[in-house]
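Visitor: Before I ask anything, let me first share the structure, which is written out below as structure tokens.
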Amino acid sequence: MKEQKNPRKPFIYYYMIVMLLIILLNATVFPYFRKVQSKIVEIDYGTFLNMVEAGEVTTVEIDSKQIAFLTDKDEETVYITGKFEDPMLVDRLRSAGKDIKFDRLIEKETNTLLSALMSWVLPLAFFIGIGQLLSRQMQKRMGTTMQFGKANAKIYVEAQTGKSFEDVAGQDEAKEALQEIIDFLHDPKKYEEIGATMPKGALLVGPPGTGKTLLAKAVAGEAKVPFFSISGSEFVEMFVGMGAAKVRDLFKQAQEKAPCIVFIDEIDTIGKRRDSGGFAGNDEREQTLNQLLTEMDGFDGRKGVVILAATNRPEILDKALLRPGRFDRRIPVELPDLAGREAILRVHAKNVALEDDIDFNAIARATAGASGADLANIINEGALRAVRSGRNKATQEDLEESVEVVIAGYQRKNAVISPKEKRIVAYHEIGHALVAAKQTDSAPVHKITIIPRTSGALGYTMQVAEEETFLLSKEEVFNKIVTYTGGRAAEEIVFNTFTTGASNDIEQATKLARAMVTRYGMSEEFGMMALESVTNPYLSSDTSMICSSLTASKIDEVVMNIIKSAREKANRILKENEDKLHELAEYLLEKETITGEEFLNILNRQDES
Numbered sequence: 002m003k004e005q006k007n008p009r010k011p012f013i014y015y016y017m018i019v020m021l022l023i024i025l026l027n028a029t030v031f032p033y034f035r036k037v038q039s040k041i042v043e044i045d046y047g048t049f050l051n052m053v054e055a056g057e058v059t060t061v062e063i064d065s066k067q068i069a070f071l072t073d074k075d076e077e078t079v080y081i082t083g084k085f086e087d088p089m090l091v092d093r094l095r096s097a098g099k100d101i102k103f104d105r106l107i108e109k110e111t112n113t114l115l116s117a118l119m120s121w122v123l124p125l126a127f128f129i130g131i132g133q134l135l136s137r138q139m140q141k142r143m144g145t146t147m148q149f150g151k152a153n154a155k156i157y158v159e160a161q162t163g164k165s166f167e168d169v170a171g172q173d174e175a176k177e178a179l180q181e182i183i184d185f186l187h188d189p190k191k192y193e194e195i196g197a198t199m200p201k202g203a204l205l206v207g208p209p210g211t212g213k214t215l216l217a218k219a220v221a222g223e224a225k226v227p228f229f230s231i232s233g234s235e236f237v238e239m240f241v242g243m244g245a246a247k248v249r250d251l252f253k254q255a256q257e258k259a260p261c262i263v264f265i266d267e268i269d270t271i272g273k274r275r276d277s278g279g280f281a282g283n284d285e286r287e288q289t290l291n292q293l294l295t296e297m298d299g300f301d302g303r304k305g306v307v308i309l310a311a312t313n314r315p316e317i318l319d320k321a322l323l324r325p326g327r328f329d330r331r332i333p334v335e336l337p338d339l340a341g342r343e344a345i346l347r348v349h350a351k352n353v354a355l356e357d358d359i360d361f362n363a364i365a366r367a368t369a370g371a372s373g374a375d376l377a378n379i380i381n382e383g384a385l386r387a388v389r390s391g392r393n394k395a396t397q398e399d400l401e402e403s404v405e406v407v408i409a410g411y412q413r414k415n416a417v418i419s420p421k422e423k424r425i426v427a428y429h430e431i432g433h434a435l436v437a438a439k440q441t442d443s444a445p446v447h448k449i450t451i452i453p454r455t456s457g458a459l460g461y462t463m464q465v466a467e468e469e470t471f472l473l474s475k476e477e478v479f480n481k482i483v484t485y486t487g488g489r490a491a492e493e494i495v496f497n498t499f500t501t502g503a504s505n506d507i508e509q510a511t512k513l514a515r516a517m518v519t520r521y522g523m524s525e526e527f528g529m530m531a532l533e534s535v536t537n538p539y540l541s542s543d544t545s546m547i548c549s550s551l552t553a554s555k556i557d558e559v560v561m562n563i564i565k566s567a568r569e570k571a572n573r574i575l576k577e578n579e580d581k582l583h584e585l586a587e588y589l590l591e592k593e594t595i596t597g598e599e600f601l602n603i604l605n606r607q608d609e610s
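Here's what the structure looks like:
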């Protein structure tokens, strides 16, 4: 359904037309109505006096600077002469023996109409135009604030969403949960016969980029019903009560087009938990939420109106919004697993020209923790890289490079790094790789590079697990910390000093060590005691401590001891394999980028010797 736009033109549009018309008439038509259309002849003052005494002058106009007159010999010619200080002039004219008329003979250059236009109409039109321009700019910045009480939902009629479940990969559980809603919209009678009622609403919960909006559109596409899409922020207005009016209008439109699906994206904008402090009862957001709760209670679900909503902050939603009868179902839309990532890559690769030997499984293994949006971006980056290289098909190398672009940014090919710093970076990265390779339960090294990236990294070591795991043992977590400390340990062994290059390693190692103590119960000092909680698992994974300040100090000591032990282990591994450290670092300095296979070949050859 296409949006109807207001056909009325702005007020200034009509003003400008009238102004142009008047100016045109003033320039072409009005001059014909002037009193005098005559030729003008200049004479001296003495000749003028002689003509007066001779009785030839019939009409005179005395101006501040000149005198104009007509004669009885030629009524079409206007004579003009300069004005002198002559106090007897009027008496001379009266005693000339003729009845001389005093009248205006030459019109002024500007007439009254044009003067009025310039003085009043044009300034008025100018200020009206400025006012309308500012009003339009304000409406653009404020969205549709001035459209009081009208919902701004985008309406897709039947298959116009252009999406189906074939376009959604890696979310089989979510699709299965939503299939029942589609079946109800197709055939509601079989549910009515048994006395069952469909849930009025379903809440899609998951991290950003996992496909919550895509799933909602696919449900509408599969059910072939109208689809209303609106963001929660569009309900929030600057005037109290307008958000509630928009909610009423949205549900009114939905009931008129039933059966249909209403999708509210980012519902946490208006569904945030209410509090009892201050004047919250008059808050615009709270009034909007109250109206939403009322509408969900009031409409009849048997008419086929299904409410879908999406959020990545479920922990802050109001409890009344989640009770049975409103959003009955909570459908997780989580990050895809290995099989899901491979399926998503294949879906997004359908419209991209690729070589036949693409290994989607290898790309999926290298992108653990990536969302559907990240994977779509990887495919697109690979296609763009192929175009930049002058090829008409993307290769496996393009996709592998695009993975690194998403992780660490583009290569800084023109970056100038001194040989000393380049050598430090090489030993740092080999330190990570060597420590990882010499530990059990560690992911294999996939790639090592010392080419700087736009993210700020001067190099990095990529590890790719052979299979996806969902649980980590205490030893595996500790070994990860040891690997993080390997770069700093290599710098100390070779250069007897260390640099700022390990800042990110230190941060990651500290996070893991703290999680071992506070969340995973992997410390002997505290055991299975919860010491912190995750406040937002889907966005920033922020945590809050749930212990006393004294306990927090003890936690810091335990964390420091874990990192210290990990660093000692990394030092021991590198000193035991110092020859390999030097050989691999020199090879990396020469090649700048080496694969995991090259790394292992040198490492194993050294072992054999």
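In the numbering used here, the protein residues as written are 2 to 610. Even for Gly, the Cβ is constructed at its ideal location relative to N, Cα and C.
1. What does the alpha-carbon distance come out to for the pair Arg489 and Gly597?
2. Given Leu346, which residues of its chain have a CB within under 8 Å of its CB, disregarding the five upstream and five downstream residues?
3. Give me the Cα-Cα distance between Glu76 and Gly130, rounded to the nearest whole angstrom.
4. What first and last residue would you give for the alpha helix (DSSP H) that runs through Ala377?
5. Judging by CA-CA distance, which residue of Met243, Ala69, Ala427 and Val348 is the nearest neighbour of Lys592?
6. Going by the DSSP bridge assignment, what does Arg331 pair with across the sheet?
7. Taking the beta carbon of Lys568 as the centre, do at least 16 other beta carbons fall within 10 Å, making it buried, or is it exposed?
8. Return the CA-CA distance between Glu86 and Asp45, expressed in angstroms with no decimal places.
9. Where do the ends of the alpha helix (DSSP H) carrying Phe479 lie?
10. By Cβ distance below 7 Å, which residues in the same chain neighbour Asn605 in space, the five residues on each side in sequence not counted?
11. Sorry if obvious, but does the Cβ on Ile183 come closer than 7 Å to a heavy atom of the ligand SAH?
12. What residue range is occupied by the uninterrupted alpha helix (DSSP H) comprising Thr552?
13. Measure the alpha-carbon distance for Ile431 versus Ala531 and round it to whole angstroms.
14. Between the C-alpha atoms of Glu4 and Leu22, what's the straight-line distance to the nearest angstrom?
15. In the DSSP assignment, the alpha helix (DSSP H) including Tyr461 goes from what residue to what residue?
16. Would you mind working out which of Ile449, Pro453, Thr498 and Lys304 sits nearest Glu587, comparing C-alpha positions?
17. Less than 6 Å between C-beta atoms, sequence neighbours within five positions excluded: which residues of the same chain meet that for Leu339?
18. Could you tell me the distance, in whole angstroms, from the CA atom of Leu179 to the CA atom of Val348?
19. Taking the alpha carbon of Phe328 as the reference point, which residue from Ala416, Ala310, Gln133 and Thr544 has its own alpha carbon closest?
20. So the beta strand (DSSP E) Ile308 belongs to, where does it begin and stop?
21. Is Gln412 helix, strand or coil by DSSP?
22. Got a sec: is the Cβ-Cβ distance from Ile44 to anything in chain D below 8 Å?
23. Skipping 5 residues on each side, what residues in its chain have a beta carbon closer than 6 Å to that of Leu71?
24. Curious, which full-length beta strand (DSSP E) runs of at least 3 residues does the stretch 254-281 contain?
25. In the DSSP assignment, find the alpha helix (DSSP H) that holds Glu533 and state where it starts and stops.
26. Say whether the stretch 287-307 touches the stretch 502-519, bearing in mind that this needs 3 or more beta-carbon pairs closer than 8 Å, one atom from each stretch.
27. Verify whether the separation of the beta carbon atoms of Leu265 and Val237 is less than 8 Å.
28. Can you tell which of Tyr192, Tyr80 and Gly163 has the C-alpha that lies nearest to the C-alpha of Val220?
29. Report the CB separation of Leu186 from Gly326 in whole angstroms; it is logged as a contact under 8 Å.
30. Could you please give the first and the last residue of the uninterrupted alpha helix (DSSP H) stretch that includes Leu323?
31. Who does Gly47 pair with in a DSSP beta bridge?
32. In whole angstroms, what separates the C-alpha of Met546 from that of Ser534?
33. Among residues of its own chain, excluding the 5 on either side of Ile494, which ones have a beta-carbon nearer than 6 Å to its beta-carbon?
34. How is the beta strand (DSSP E) around Ile63 delimited, first residue to last?
35. Might you give, ordered along the chain, the residues of its own chain that have their beta carbon closer than 7 Å to the beta carbon of Ala620, omitting 5 neighbours on each side?
36. Starting from Phe361, trace the alpha helix (DSSP H) in both directions and tell me its first and last residue.
Guide: Let me spell this out:
1. 21 Å
2. Phe361, Ile364, Ala365, Leu376, Ile379 and Ile380
3. 49 Å
4. Gly373 to Arg389
5. Ala427
6. Leu204
7. According to the sequence displayed, residue 568 carries Arg and not Lys. Arg568 should be labelled buried.
8. 14 Å
9. Lys475 to Phe496
10. none
11. Because no ligand of any kind appears in the structure shown, any question about the ligand SAH cannot be addressed here.
12. Ser550 to Glu577
13. 37 Å
14. Caution is warranted here: a pLDDT of 39 is assigned to Glu4, below 50, making its placement in the model unreliable, and no coordinate value can be reported.
15. Careful: Tyr461 lies outside any alpha helix (DSSP H), inside the beta strand (DSSP E) at Tyr461 to Gln464.
16. Ile449
17. Ala365 and Glu469
18. 20 Å
19. Ala310
20. Val306 to Thr312
21. strand
22. This model lacks chain D altogether; it includes just one protein chain.
23. Thr59 and Thr60
24. 261-266
25. Unbroken run through Glu533 is the beta strand (DSSP E), Glu533 to Val535; no alpha helix (DSSP H).
26. no
27. It is worth fixing the name first, because residue 265 is Ile in this sequence and not Leu. It is not a contact, given that the beta carbons lie outside the stated cut-off.
28. Gly163
29. With a Cβ gap of about 19 Å, Leu186 and Gly326 do not count as contacting.
30. Lys320 to Leu323
31. For Gly47, which the question treats as bridged, DSSP gives no partner whatsoever.
32. 7 Å
33. Leu575
34. Val58 to Ile63
35. Residue 620 is absent from the structure shown; the chain starts at 2 and stops at 610.
36. Phe361 to Arg366
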